[in-house]
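Novice:
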């Protein structure tokens with residue numbers, strides 16, 4: 176019995192391998208630590224607190240400084256003026272009212288020709304006719320000019336091809352050249 | 459006329475110092491709003507910059523009508539985020555948020571990161587409008603009137619959506635928590 180007790184006591188001397196102990200410690204300390212288990216309801220109930228913690232997030236101070244500088248130095252395009260101008264609209268409305276009321280007060284008076292639909296229609300129709308007439312006139316003129324040119328080209332009796340006229344022109348040119356010789360001589364005398 | 463109205467009026471008249479003060483006051487809130495929606499620091503910095511640049515360039519279009527300047531800014535920010543997701547669908551990186559919000563103590567940090575991660579991912583699973591309402595109401599403490607103005611909704615609709623949002627987020631958090639425990 177005593178022997179057994181001694182043997183059991185001897186078991187106390189068993190030691191783990193030192194290297195194993197070292198390695199195991201390192202691995203344990205390097206392992207990710209799983210968070211303390213909280214009851215599920217606690218996280219769900221504390222959700223508003225957790226959301227408040229998110230509210231502590233701040234942007235990087237240097238980023239904020241540089242971004243602000245860039246924004247304030249950015250060119251600002253001039254704002255487009257609103258297309259609708261109230262002042263102009265009121266003025267136009269007033270003008271229109273005056274015109275309409277004027278027409279209503281004295282209905283017997285002929286209405287302004289510019290506002291008379293019939294007059295505008297007639298004017299428009301006349302305009303169309305005028306345009307057509309001008310077009311016809313232009314076409315006629317062009318036709319005449321073209322036919323004249325063609326006639327001149329084909330006609331061998333025309334002035335510019337007449338040999339007598341051509342000869343007289345030649346002589347005239349020669350006489351002009353002799354004049355120019357006289358002028359040259361005079362100029363030479365002056366220079367010398 | 460209160461201080462903000464005075465600053466806004468000066469900013470409308472192109473007083474850069476006044477706009478600078480408004481920027482300093484509202485940047486953190488707008489930054490958080492965008493960060494919670496995008497989950498990415500770089501994207502958030504880009505979008506927040508765009509929001510304030512747009513506000514500065516178009517401040518003449520701001521009409522108070524009894525609503526604070528923040529409602530107008532949130533509206534611009536919300537549209538910027540919508541445009542961002544419409545054109546550039548990127549994966550979310552949540553690290554920045556938990557890192558930014560966690561405490562100093564290591565244990566506290568781990569605890570908070572876990573909780574924040576849960577809540578953050580839960581927010582992301584909500585419909586877009588409920589996300590916006592949760593952030594505006596419970597993170598930024600905006601009044602229902604301000605939220606309604608920013609979202610173009612009635613105060614009644616905002617209240618109803620708030621109630622629904624908080625119930626939904628609790629459900630999502632519980633589900634996620636149980637899932638994490640099982641995985642562990």
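Residue numbers (my numbering), protein chains in the order written: chain V, 176 to 367; chain F, 459 to 642.
Just so you know, even glycine gets a beta-carbon here, dropped at the ideal spot from N, CA and C.
According to DSSP, simplified to helix, strand and coil, what is residue 585 of chain F?
Specialist: coil
Novice: Would you verify that the beta carbon of residue 277 of chain V is, or is not, closer than 8 Å to some beta carbon of chain F?
Specialist: Chain F, which has no Cβ nearer than 8 Å to the Cβ of residue 277 of chain V, makes this no.
Novice: With DSSP as the reference, label residue 482 of chain F as helix, strand or coil.
Specialist: helix
Novice: Just reading off the alpha helix (DSSP H) that residue 528 of chain F is part of, what are its end residues?
Specialist: Element bounds for residue 528 of chain F: 527-545.
Novice: Can you tell me whether residue 585 of chain F is buried or exposed, with buried defined as 16 or more other CB within 10 angstroms of its CB?
Specialist: exposed
Novice: Mind checking the stretch 462-493 of chain F against chain V and listing, in chain order, the residues whose C-beta falls within less than 8 Å of any C-beta there?
Specialist: Hits within the stretch, in order: 472, 474, 477, 478, 481, 482, 485, 486, 489, 490, 493.
Novice: Within 8 Å, do at least three Cβ pairs link the stretch 264-276 of chain V to the stretch 519-528 of chain F?
Specialist: no
Novice: Under the rule that 16 or more other beta-carbon atoms within 10 Å means buried, what is residue 498 of chain F, buried or exposed?
Specialist: With 16 or more other Cβ atoms from the protein chains shown falling within 10 Å of its own Cβ, residue 498 of chain F counts as buried.
Novice: Tell me the DSSP secondary structure of residue 338 of chain V in three-state form.
Specialist: helix
Novice: Please go through the same chain and pick out, in chain order, the residues whose beta-carbon is closer than 6 Å to the beta-carbon of residue 607 of chain F, but skip the five residues on each side of it.
Specialist: 525, 529
Novice: Chain V partners of residue 592 of chain F, CB-CB under 9 Å?
Specialist: 226
Novice: Excluding the five sequence neighbours on either side, which residues of its own chain have a C-beta within less than 6 Å of the C-beta of residue 600 of chain F, listed in chain order?
Specialist: 594
Novice: Taking just the CA atoms, how far does residue 341 of chain V sit from residue 358 of chain V?
Specialist: 26 Å
Novice: Which stretch, first to last residue, makes up the alpha helix (DSSP H) that contains residue 499 of chain F?
Specialist: 499-515
Novice: What did DSSP end up calling residue 601 of chain F once you bin it into helix, strand or coil?
Specialist: Here residue 601 of chain F carries a coil assignment [DSSP, helix/strand/coil].
Novice: Is the beta carbon of residue 491 of chain F sitting closer than 8 Å to the one on residue 464 of chain F?
Specialist: Taking a C-beta distance under 8 Å as the contact criterion, residue 491 of chain F and residue 464 of chain F do not qualify as a contact pair.
Novice: Output the distance between the C-alpha atoms of residue 319 of chain V and residue 292 of chain V, rounded to the nearest integer angstrom.
Specialist: Those two C-alpha atoms are separated by around 41 Å.
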